[in-house]
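Q:
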Amino acid sequence: MSPVHIHMSLQKNGENDSLNIFVRLLFLIPIRKEIPLLKLGGKGITLRHETDSPFAEGNRNTDRISYQEIQKIRRGMKEWIDRIRDFYRIIQGFLAKINVKRFSWHTELGTEDAALTAILVGLLWNLKGVTLMGLGHFMILTESPEIRVIPHYAGERFRTYLDLTLRFSLGQAIKTAILLIWNLRKGREKSWKSILFRA
0 MSPVHIHMSL QKNGENDSLN IFVRLLFLIP IRKEIPLLKL GGKGITLRHE
50 TDSPFAEGNR NTDRISYQEI QKIRRGMKEW IDRIRDFYRI IQGFLAKINV
100 KRFSWHTELG TEDAALTAIL VGLLWNLKGV TLMGLGHFMI LTESPEIRVI
150 PHYAGERFRT YLDLTLRFSL GQAIKTAILL IWNLRKGREK SWKSILFRA
């Protein structure tokens, strides 16, 4: 079955933040999702995003997600995961089939204190190293990753750009979804039987 290609680019430059996601399925259906602004505020998170696909006209929307809604989503996801048997094993099996075609992460970092800048640069290198180790452990790196950390000692600066391209089989994704649904049903059956035995 034809592969699915996902290209993601994340850019942060001062207050100009953007996240672009491009999905190509069966070489025929491109879908682009742009999130040009992610703003944290006292009442929650504000998102401005644009979607472009052959199924709908490109449009811009603004959404606000409260922290209460975020907590509700987090609890719902945890409950859903807990009800699926072997959830992490199934997901790990799917991740092992994903090819990382491109991984590029460049960062410029600086503060007014040269010593503090050096410490932060070292921590950032460690973070990127751990990230690469995680990718190499759970996924297949088909190209050499590119990571850079550029220190600036003359003043405050923070810019980062992350470019990631993934490829996986549509059949493998469907198989994973079926396994999750099947194990969800088995989990429900097990819970129901345990209730009957306790009664």
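At position 57 of the sequence shown (counting the first as 1) the number is 56 in numbering that gives the first Met the number 0, and the numbers step up by one without a gap. Think of the CB as a built atom: it goes at the ideal place given N, C-alpha and C, for glycine as much as any other residue.
Output the distance between the C-alpha atoms of W124 and E145, rounded to the nearest integer angstrom.
A: So the two alpha carbons sit approximately 12 Å from each other.
Q: Is K96 helix, strand or coil by DSSP?
A: K96 falls in the coil class under three-state DSSP.
Q: Reducing DSSP to helix, strand and coil, say where S25 ends up.
A: A small correction: the amino acid at residue 25 is Leu; Ser does not occupy that position in the sequence shown. Three-state result, L25: coil.
Q: Output needed for Y160: all residues of its chain with C-beta closer than 6 Å, excluding positions within five of it in sequence on either side, in chain order.
A: Correct list, in chain order: Q10 and H105.
Q: Grouping DSSP H, G and I as helix and E and B as strand, with all else coil, what is R82?
A: R82: coil per DSSP, three-state reduction.
Q: Mark G135 as exposed unless 16 or more other C-beta atoms lie within 10 angstroms of its C-beta, in which case mark it buried.
A: Looking at its Cβ environment, which holds fewer than 16 other Cβ atoms inside 10 Å, G135 is exposed.
Q: What is the DSSP secondary structure of Y87, counted as helix, strand or coil?
A: Three-state DSSP puts Y87 in a helix.
Q: Considering only residues of the segment 135-171, which uninterrupted beta strand (DSSP E) runs meet the minimum length of 3 residues and lie entirely inside it, listed in chain order?
A: Counting only runs of 3 or more, we get 145-151 and 156-168.
Q: Comparing alpha-carbon positions, which option in K71, L169, N182 and K174 lies nearest R23?
A: Per the Cα distances, L169.
Q: Can you tell me whether I72 is buried or exposed, with buried defined as 16 or more other CB within 10 angstroms of its CB?
A: Exposed, because fewer than 16 other Cβ atoms sit within 10 Å of the Cβ of I72.
Q: Out of curiosity, what's the CA-to-CA distance linking R101 and H6?
A: For R101 and H6, the distance between alpha carbons rounds to 9 Å.
Q: Note down, in chain order, each residue of its chain lying with its Cβ closer than 7 Å to the Cβ of D162, except the 5 sequence neighbours on either side.
A: Cβ within range, chain order: S8, R101 and S103.
Q: Quick check: the Cα distance between N98 and T141, rounded to an integer number of angstroms?
A: Near 6 Å, if we compare the C-alpha coordinates of T141 and N98.
Q: Please classify T110: does DSSP put it in a helix, a strand, or coil?
A: Of the three classes helix, strand and coil, the one that applies to T110 here is coil, per DSSP.
Q: Tell me which residues share the same chain as M138 and place their Cβ nearer than 6 Å to its Cβ, disregarding the 5 neighbours each side in the sequence.
A: Contacts found: L94, I97 and V99.
Q: Have a look at L25 and I177 and give me their C-alpha separation to the nearest angstrom.
A: Whole-angstrom Cα-Cα distance: 20 Å.
Q: How about L131 and V120: are their beta carbons less than 8 Å apart?
A: Taking 8 Å as the Cβ cut-off, L131 and V120 do not qualify as a contacting pair.
Q: Going by beta carbon distance, what residues of the same chain come within less than 8 Å of A172, once the five residues before and after it are set aside?
A: The residues are V3 and F93.
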